[in-house]
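What follows is a single structure, written as structure tokens, with notes after it.
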Amino acid sequence: MLTLDGNLVQIPNTTVYQSVLRNFSSSPNRRVDFVVGIGYDALVPKAQEVAMKVLSDHPAVLADPEPWVLVDNFGKATVDLRVYFWLDGTKHSWLKVKSSVMRLVKRAFQENGRPIPDEAREVKFLNELDVRCHERPTFQRNTATDKQSVALPVSPTQPPPETDAVATDAEGGLKTEAINIEEQARLARPADEANLLNSANGKGR
15 MLTLDGNLVQ
25 IPNTTVYQSV
35 LRNFSSSPNR
45 RVDFVVGIGY
55 DALVPKAQEV
65 AMKVLSDHPA
75 VLADPEPWVL
85 VDNFGKATVD
95 LRVYFWLDGT
105 KHSWLKVKSS
115 VMRLVKRAFQ
125 ENGRPIPDEA
135 REVKFLNELD
145 VRCHERPTFQ
155 RNTATDKQSV
165 ALPVSPTQPP
175 PETDAVATDA
185 EGGLKTEAIN
195 IEEQARLARP
205 ADEANLLNSA
215 NGKGR
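Numbers 15 to 219, taken from the numbering used here, label the letters of the sequence shown in order.
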């Protein structure tokens with residue numbers, strides 16, 4: 015067998031007979047899932063609605079079987095939602111589609127004012143605090159007048175919004191890698207069983 019990593023694997027008959035084998039090519043459809051966290055102050059139904067909108071608009075996500083967005087766990091700083099969806103594995107790569115959906119769900123949450131909390135840096139205060147930010151100004155010398163001028167700090171600009179493209183260049187499109195895997199299978203050289211046995215007995219090269 016040729017794995018998705020391009021490695022040729024030989025499976026002993028005893029392993030085949032005594033193990034449970036998953037056949038990913040027998041059915042065209044495949045279900046994918048991932049977890050995304052929202053803050054405890056966020057409305058769960060609204061977050062589910064935002065994620066479902068991404069799934070319904072995505073061209074690679076199947077409407078039947080229908081996708082789900084379910085509450086999965088109560089984390090330290092987030093309510094974890096597990097997103098389930100199906101895709102046609104004969105047309106699309108589940109790895110690429112998963113990356114695309116996760117990226118678009120993150121973008122949708124940010125656009126709807128629901129940033130994903132970071133438990134390592136999020137601190138909540140029960141009472142209001144008076145916070146003041148002091149920044150040390152920088153001084154610039156004018157060589158013509160030999161005088162110093164104060165350059166006030168400039169507030170950083172907002173980062174550009176993330177792309178709403180279904181697939182980015184890094185994701186390389188959403189098509190299945192089946193053609194590439196089949197090509198690698200044709201190029202692979204089957205191992206000689208006799209040589210393997212000789213190598214195990216210390217007689218092979």
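Glycine is no exception: its CB is placed at the ideal position from the N, C-alpha and C atoms.
For Tyr31, the enclosing alpha helix (DSSP H) starts and ends at Asn27 to Gln32. CA-CA distance, Ala202 to Leu22, rounds to 7 angstroms. In the DSSP assignment, Asp71 falls within the unbroken alpha helix (DSSP H) covering Val58 to Asp71. The beta carbons of Leu69 and Pro59 sit no closer together than 8 angstroms.
With distances taken between CA atoms, Val111 lies nearest to Phe48 out of Asp19, Thr29 and Phe48.
Non-local beta-carbon contacts of Asp86 in its own chain, meaning distances under 8 angstroms to residues more than five positions away in sequence, involve Val49, Asp94, Leu95 and Arg96 in chain order. The beta-carbon distance between Phe123 and Val64, rounded to whole angstroms, is 6 angstroms. This is short enough to meet the 8 angstroms contact definition.
Measuring C-alpha to C-alpha distances from Tyr98 to each of Lys105, Gln24, Val115 and Arg121 identifies Val115 as the nearest.
According to the DSSP assignment, Asn194 belongs to no beta strand (DSSP E) but to the alpha helix (DSSP H) extending over Ala192 to Leu201. Looking at the DSSP output, Val145 sits in no beta bridge, so it has no partner there. With a beta-carbon spacing of about 16 angstroms, Trp108 and Leu118 fall beyond the 8 angstroms limit used to define contacts. Asn43 is the residue among Asn43, Glu185 and Arg128 whose C-alpha sits nearest the C-alpha of Asp78. For Leu188, the three-state secondary structure derived from DSSP is coil.
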